[in-house]
Ligand SMILES: NC(=O)c1ccc[n+]([C@@H]2O[C@H](COP(=O)([O-])OP(=O)(O)OC[C@H]3O[C@@H](n4cnc5c(N)ncnc54)[C@H](O)[C@@H]3O)[C@@H](O)[C@H]2O)c1
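Numbering (our numbering), first residue to last: 62 to 501.
Now the structure itself:
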C-alpha cells in the first residue's frame, strides 16, 4: 500500500548503495557522485538532481525541483559499497576502466580508494571472457552463498551506520537463459538454492539476499535477476520495491526517442539496422554469443511495443530490425553506434535517416544508477513494494506484471514517472487536456 504524502518516512540518517559489480558503470557513478557532493561537478544527466516538475495549472507557475518536491536522500547521506570478483578498489578499477580522466579520479581519489569490493558470488558458467579474478566466495550450496551475502549486507549496514540500503546490479551481463521450473515460485526457488540448481544465476542469489534482508533491488543488466515469479513473490512478502532490466543508455535511448516521433507522424519504417563498436570489459563480455543473446533480446524488444505493428500493419509489419555489438578494444568505453533507418512517407516514398552516436556508455549510465537508488529508497519509505513500473524510464526492457506489455516510449515513461511523483505527494495529475484555460 502506498502511503499518503504525510506518511512517507523521512530520509533521515545514511543511505547505503550497494552495487554487485564494481566496473566501469559503478565506479563512474561513485566518482561522479563524490565529485558533485564535493562541489567539483554538476550532476548532468540526473533527473533527481536537476529535473523540475510542473504542479497544477500552467498559470500557477509552480515548477519546483524534483529533489525539493519529493523527500529524497541527500547526496551527503550516501555510503557506497559493492562486490566484485576482482579485488581492485574503486579508484584502481576506475583507472582500469578508463572512463574518467586521472585528474578527475584523483580529485576524489581518497574517497574512492576506501571503497573496496567484497568477494563475489561468481561463476564463469554465467559470465564468460572474464579472466584473472581473485576473490570469489566459496560455499557448499547456493543457499550458503546467499547467506554469506546476507551477512555482508548486515555487516555493511552496521559498520557504516546505514539506516537504509538499496542494491543496484552493475555486474556483467550473464548468459541468456529462459526462466525454468525453479523460478516459478519461492518454494521451488529456495529448494533450488539448497540443491544448487544449475539454472540459478549468481545475480539471482544477490537479488534473493537483498530482498530477504529488506533491501530494494534494481537490475541494470538484461539478465533475469529479479524478473521471475519467485522473486516477485518474495518482493511482495518482504514488501520491497524492485525494478529492471538493463539501463537505457546509448543506442536504445536514441531509439526510444526517435521511434515515437516517427510513429506520431504516421511515417512507416521498413528497416532499422543498428551496429556498435565497443572496447571496454562490458564489450568483451558481450563478445560471448550467450551474453550477447541477453542483450539482443532486451534491445530488440523496444520497437515492437512502441510501433505496435499489429495496429499499424502497413507502416510497421515488415520492419526488419537488426542489432549488432562488436568488441573493438581500441575504443575502450568510447562506443560508436550507427543506425540506418529506412523510412517511408506519403505514397510509400522511401527516405533514410543515419545516426552516428559517439557516446560514452558509462557517462550515460552513472546518473541512472543514482536516480534509481534514490527513487527506490523513496518508494520503500512510501510503502511501495513489488515491481515499480514508474521507473521504466530508466530501462531498455522494463519489468512489468504478468500479462502486461512494457511501455518503452521515453516520453510516456517520463509522464508516468512524474505523475507517480505527483500522486505520491497528493498533487493533481496532469492530463494535458488544456481545456480549463478556455472555459468561461
Ligand atoms: N554502460 C552502459 O551504458 C550500460 C547500459 C546498460 C546496461 N549496462 C550493463 O551494466 C553492467 C555493467 O557494465 P560495465 O560497463 O560497468 O561493465 P564492466 O565489465 O566494466 O563491469 C562489470 C563488473 O561486474 C563484475 N562482475 C561480474 N560478475 C559478477 C558477480 N557475479 N558479482 C559481482 N561482480 C561481478 C565484473 O568483474 C566487472 O568488474 C553490464 O551488465 C552492462 O551490460 C551498461
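Glycine included, C-beta positions come from ideal geometry on N, C-alpha and C.
Going by the beta-carbon positions, is the gap between residue 431 and residue 94 smaller than 7 angstroms?
To locate residue 431, count along the chain shown from 1; it is residue 370. To locate residue 94, count along the chain shown from 1; it is residue 33. Yes, Cβ-Cβ distance for residue 431 and residue 94 is below 7 angstroms.
With contact counted as at least three CB pairs below 8 angstroms, one residue from each stretch, are the segment 427 to 445 and the segment 78 to 94 in contact?
A contact is defined here as three or more CB-CB pairs under 8 angstroms, and the segment 427 to 445 meets this definition with respect to the segment 78 to 94.
On the three-state DSSP scale, how would you describe residue 237?
For this step, residue 237 is matched to residue 176 along the chain shown. Coil at residue 237, not helix or strand.
Proximity below 7 angstroms, CB of residue 234 to CB of residue 356
Residue 234 sits at position 173 when you count from the first residue of the chain shown. Residue 356 sits at position 295 when you count from the first residue of the chain shown. Yes. Within cutoff.
With a floor of 4 residues, list each alpha helix (DSSP H) that falls wholly inside the segment 247 to 296, ordered by position along the chain.
247 to 255, 263 to 273, all fully within the segment 247 to 296.
Which residue from 195, 173, 129 puts its Cα closest to that of residue 99?
Against the chain shown, residue 99 aligns to sequence position 38. Checked all of 195, 173, 129; the closest Cα to residue 99 is 173.
For ligand 1, any of its heavy atoms closer than 6 angstroms to the Cβ of residue 232?
Numbered from 1 along the chain shown, position 171 holds the residue referred to as residue 232. Look at residue 232: its beta carbon is less than 6 angstroms from one of the heavy atoms in ligand 1.
Which one of 385, 330, 212, 367 has the shortest CA to CA distance from residue 352?
As a working note, residue 352 is residue 291 in the chain shown. Closest in C-alpha terms to residue 352, from the list 385, 330, 212, 367, comes 385.
What are the boundary residues of the beta strand (DSSP E) that residue 384 is part of?
Along the chain shown, one-based indexing puts residue 384 at 323. Run containing residue 384: 381 to 388, per the beta strand (DSSP E) assignment.
Could you check if residue 454 belongs to the surroundings of ligand 1, using beta carbon to heavy atom distance under 6 angstroms?
Here residue 454 is taken as the residue at index 393 of the chain shown, counted from 1. No, Cβ of residue 454 sits at least 6 angstroms from all heavy atoms of ligand 1.
Threshold first: 3 residues or longer. Then list the beta strand (DSSP E) segments lying entirely within the segment 388 to 469, N to C.
Runs of beta strand (DSSP E) with 3 or more residues, each lying fully within the segment 388 to 469, are found at 395 to 405, 411 to 421, listed in chain order.
How many angstroms separate the CA atom of residue 513 from the CA atom of residue 117?
The structure shown does not extend to residue 513, since the chain is modelled only from 62 through 501, so no value can be given for it.
Starting from the C-beta of residue 294, find all residues in its chain whose C-beta is less than 8 angstroms away, skip the five residues before and the five after it, and write them out in chain order.
Stepping through the chain shown from its first residue, residue 294 is reached at position 233. Cβ neighbours of residue 294 beyond the five flanking positions: 246, 247.
Based on the DSSP secondary-structure assignment, which residues constitute the bridge partners of residue 101?
Working through the chain shown from its first residue, we reach residue 101 at position 40. DSSP lists no partner for residue 101.
Any heavy atom of ligand 1 closer than 6 angstroms to the beta-carbon of residue 147?
Residue numbering aside, residue 147 sits at position 86 when the chain shown is read from its first letter. Residue side-chain check: residue 147 places its Cβ nearer than 6 angstroms to a non-hydrogen atom of ligand 1.
Tell me the residue span of the alpha helix (DSSP H) that contains residue 509.
This structure gives no information on residue 509, because the portion of the chain shown stretches from 62 to 501.
Specify, as a first and last residue, the run of the beta strand (DSSP E) that residue 327 falls within.
By 1-based counting over the chain shown, the position of residue 327 is 266. If you look at residue 327, you'll find it isn't in any beta strand (DSSP E); DSSP assigns it neither H nor E.
Option nearest residue 178 by Cα separation, candidates 147, 168, 160
By 1-based counting over the chain shown, the position of residue 178 is 117. Closest by alpha carbon: 147.
Buried/exposed call for residue 377, threshold 16 Cβ in 10 Å
Residue mapping note: residue 377 aligns to position 316 of the chain shown, counting from 1. Classification for residue 377: buried.
Buried or exposed, going by whether 16 or more other CB atoms sit within 10 Å of the CB of residue 387?
On the chain shown, residue 387 is found 326 positions in, with the first residue counted as 1. Classification of residue 387: exposed, given that the 10 Å Cβ count is below 16.
Flag this pair as yes or no: are the beta carbons of residue 438 and residue 225 separated by less than 7 angstroms?
The residue labelled residue 438 in the question sits at position 377 within the chain shown. The residue labelled residue 225 in the question sits at position 164 within the chain shown. For residue 438 and residue 225, yes; Cβs fall inside 7 angstroms.
Quick one, which of 241, 222, 111 has its alpha-carbon nearest residue 142's?
Position 81 of the chain shown, counted from the first residue, corresponds to residue 142. The shortest C-alpha separation from residue 142 is found at 222.
Does ligand 1 have even one heavy atom less than 6 angstroms from the beta-carbon of residue 229?
One-based indexing of the chain shown puts residue 229 at position 168. No, Cβ of residue 229 sits at least 6 angstroms from all heavy atoms of ligand 1.
Quick one: measure Cβ to Cβ for residue 344 and residue 391, integer angstroms, because I've assumed they're closer than 8 angstroms.
Locating residue 344 in the chain shown gives position 283, counting from the first residue. Locating residue 391 in the chain shown gives position 330, counting from the first residue. Contact doesn't hold; Cβ gap of about 11 angstroms is too wide.
Per DSSP, cross-strand counterpart(s) of residue 123
Numbered from 1 along the chain shown, position 62 holds the residue referred to as residue 123. Looking at the DSSP assignment, residue 123 forms a beta bridge with 116.
Contact belief for residue 442 with residue 214 at Cβ below 8 angstroms, rounded distance in angstroms
As a working note, residue 442 is residue 381 in the chain shown. As a working note, residue 214 is residue 153 in the chain shown. Between residue 214 and residue 442 the Cβ distance is about 18 angstroms, and since that is not below 8 angstroms, they are no contact.
Under 8 angstroms, with one C-beta from each stretch per pair, do the segment 451 to 467 and the segment 305 to 313 reach the 3-pair mark?
Enough Cβ pairs lie closer than 8 angstroms, so yes.
Whole-Å CB distance - residue 254 paired with residue 332, under 8 angstroms assumed:
Within the chain shown, numbered from 1, the residue matching residue 254 stands at position 193. Within the chain shown, numbered from 1, the residue matching residue 332 stands at position 271. With 8 angstroms as the limit, residue 254 and residue 332 do not qualify as a contact, their Cβ atoms being about 44 angstroms apart.
When you compare each of 482, 496, 165, 498 to residue 115 by their alpha carbons, which one comes out closest?
The sequence position of residue 115 within the chain shown is 54, counting from 1. Taking the Cα of residue 115 as reference, the smallest distance to any Cα among 482, 496, 165, 498 is reached at 482.
Nearer than 6 angstroms: is that true of the beta carbon of residue 426 relative to any heavy atom of ligand 2?
As for ligand 2, it is missing from this structure, which binds only ligand 1.
In whole angstroms, give me the CA-to-CA distance for residue 121 and residue 220.
Counted from its first residue, the chain shown places residue 121 at position 60. Counted from its first residue, the chain shown places residue 220 at position 159. One Cα belongs to residue 121, the other to residue 220, and the distance between them is close to 47 angstroms.
Quick one: what's got a C-beta closer than 7 angstroms to residue 218's C-beta in the same chain, skipping five residues either side?
Locating residue 218 in the chain shown gives position 157, where the first residue counts as 1. If you ignore the 5 residues before and after residue 218, its C-beta comes within less than 7 angstroms of the C-beta of 77, 226, all in its own chain and listed in chain order.
Determine the extent of the alpha helix (DSSP H) in which residue 211 is found, giving its start and end residues.
For this step, residue 211 is matched to residue 150 along the chain shown. In the DSSP assignment, residue 211 falls within the alpha helix (DSSP H) that extends over 203 to 220.
Given a threshold of 16 other Cβ atoms within 10 Å of its Cβ, counted over all protein chains shown, does residue 298 qualify as buried or as exposed?
Within the chain shown, numbered from 1, the residue matching residue 298 stands at position 237. Classification of residue 298: exposed, given that the 10 Å Cβ count is below 16.
Can you tell me whether residue 314 is helix, strand or coil according to DSSP?
As a first step, residue 314 is located in the chain shown; it is residue number 253 there, counting from the start. In the three-state reduction of the DSSP assignment, residue 314 falls in the helix class, which pools H, G and I.
Rounding to the nearest angstrom, what Cα-Cα distance links residue 407 and residue 365 in this structure?
Against the chain shown, residue 407 aligns to sequence position 346. Against the chain shown, residue 365 aligns to sequence position 304. Residue 407 and residue 365: Cα-Cα distance of roughly 22 angstroms.
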